[in-house]
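The next block holds one structure in the form of structure tokens; read it before the comments.
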Amino acid sequence: MIEKIKETADYIRSRNIEIPDVAVILGTGLGALVDFISDKIAIPYTELPNFPVSTVEGHSGNLIFGKLGNRPVLAMQGRFHYYEGYSMKEVTFPVRVMRELGIKTLIVSNAAGGMNKEFRVGDIMIITDHINMFPENPLRGKNLDEHGTRFPAMTRAYDPAMISRADAIAERNSIRVMHGVYVGVSGPTFETPAEYEFYRIIGGDAVGMSTVPEVIVANHAGMRVFGVSVITDLGGKDIEEIPTHEEVQKAAAAAQPSMMKIIRELINEID
């Protein structure tokens, strides 16, 4: 695994690209951040040794290097999901490569179904914690000692200082933001009403099929993490609407301008 990670990182370095210390993983319908990146250099996943290839509608497959404002950034345009059939090591391989490149801060975004009764479709939820309901932990197996300790703490998986800064950005821009716990599940089915209720009862506010494996590996590697969800549908025993992938993408696109404003300003304020 280490040899594959180094091979991929070395290939990226061989392209004579300015390597940033901030990376963003863009979720469903949230790819517009790349429109604000200047001096873009795109590397298709198909060109990267050892990289999986995204198969999900709405997810492109490129690493985008460039500048957001005056800040060099790496944007991952299209992520890999456990439900696509990838192993957890494949799902999180890009985060390992980021660490090898020297990324210190990771921002993750996603579309999620809300079960918090205060949430509305289109809300932006800053992730304060997560519950891992995936059937496998991405750190299972031989530990990569070069990247982190065998038993990493997850007490502050989502950086409190970045959460506070994002709250301040939202307030000064009059953007409604919620806080909540993200429940990560394998998918690819949307949840049953009873499952939504179960996840709410155990402490979840929103549920989705990504993010948690990436965040676990980023924490293992010593990165600061900021996570945000767009609430694209609502679920529970009192919700009659049936969610579809198309409706999720539509709701995510509607929330995109506010989401992009928070993330753009947050990136430019990172120490």
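Under the numbering used here, the letters of the sequence shown match residues 16 to 286, in that order.
Even glycine gets a Cβ: it sits at the ideal position worked out from N, Cα and C.
None of these values were measured; they are calculated from a predicted model.
Here's a check: name, in chain order, each residue in its chain whose Cβ is nearer than 7 Å to the Cβ of residue i, leaving out the five neighbours to either side.
i, result
"residue 237", "163"
"residue 229", "40, 107, 110 and 123"
"residue 20", "111, 112 and 115"
"residue 185", "192 and 277"
"residue 180", "281 and 284"
"residue 196", "143, 144, 145, 146, 218, 219 and 220"
"residue 159", "16 and 17"
"residue 270", "137, 139 and 245"
"residue 119", "36, 238 and 239"
Less than 6 Å between C-beta atoms, sequence neighbours within five positions excluded: which residues of the same chain meet that for residue i?
i, result
"residue 32", "56 and 80"
"residue 153", "103, 107, 228, 231 and 232"
"residue 190", "273"
"residue 194", "141 and 143"
One question on the structure: do residue i and residue j come within less than 8 Å of each other, judged by their Cβ atoms?
i, j, result
"residue 140", "residue 251", "no"
"residue 146", "residue 243", "no"
"residue 91", "residue 47", "no"
"residue 225", "residue 93", "no"
"residue 60", "residue 77", "yes"
"residue 161", "residue 17", "yes"
"residue 117", "residue 34", "yes"
"residue 148", "residue 88", "no"
"residue 266", "residue 136", "yes"
Would residue i be called buried (16 or more neighbouring beta carbons within 10 Å of its own) or exposed?
i, result
"residue 123", "buried"
"residue 138", "buried"
"residue 85", "exposed"
"residue 210", "buried"
"residue 166", "exposed"
"residue 27", "buried"
"residue 183", "exposed"
"residue 187", "exposed"
"residue 30", "exposed"
For residue i, collect the residues of the same chain with a Cβ closer than 8 Å to its Cβ; drop the 5 residues on either side in sequence, then sort them by chain order.
i, result
"residue 169", "231 and 234"
"residue 258", "128, 205, 247, 248 and 250"
"residue 150", "201"
"residue 254", "208 and 211"
"residue 171", "none"
So residue i and residue j are supposed to be a Cβ contact under 8 Å. How far apart are they, rounded?
i, j, result
"residue 134", "residue 58", "Between residue 58 and residue 134 the Cβ distance is about 36 Å, and since that is not below 8 Å, they are no contact."
"residue 23", "residue 64", "5 Å"
"residue 126", "residue 263", "5 Å"
"residue 51", "residue 274", "That pair is no contact at about 12 Å."
"residue 95", "residue 173", "Not confirmed; about 21 Å, so no contact."
"residue 82", "residue 54", "5 Å"
"residue 239", "residue 177", "7 Å"
Residue ranges of each beta strand (DSSP E) within the segment 202 to 251, 3 or longer: With a minimum length of 3 residues, the continuous beta strand (DSSP E) runs that stay inside the segment 202 to 251 are 221 to 223 and 239 to 249.
Minimum length 3: unbroken beta strand (DSSP E) runs contained in the segment 89 to 152: Taking 3 residues as the minimum length, the beta strand (DSSP E) runs contained wholly in the segment 89 to 152 are 120 to 129 and 139 to 147, in order along the chain.
Beta strand (DSSP E) runs wholly inside the segment 151 to 189, at least 3 long, in chain order: DSSP runs (the beta strand (DSSP E)) wholly in the segment 151 to 189: none.
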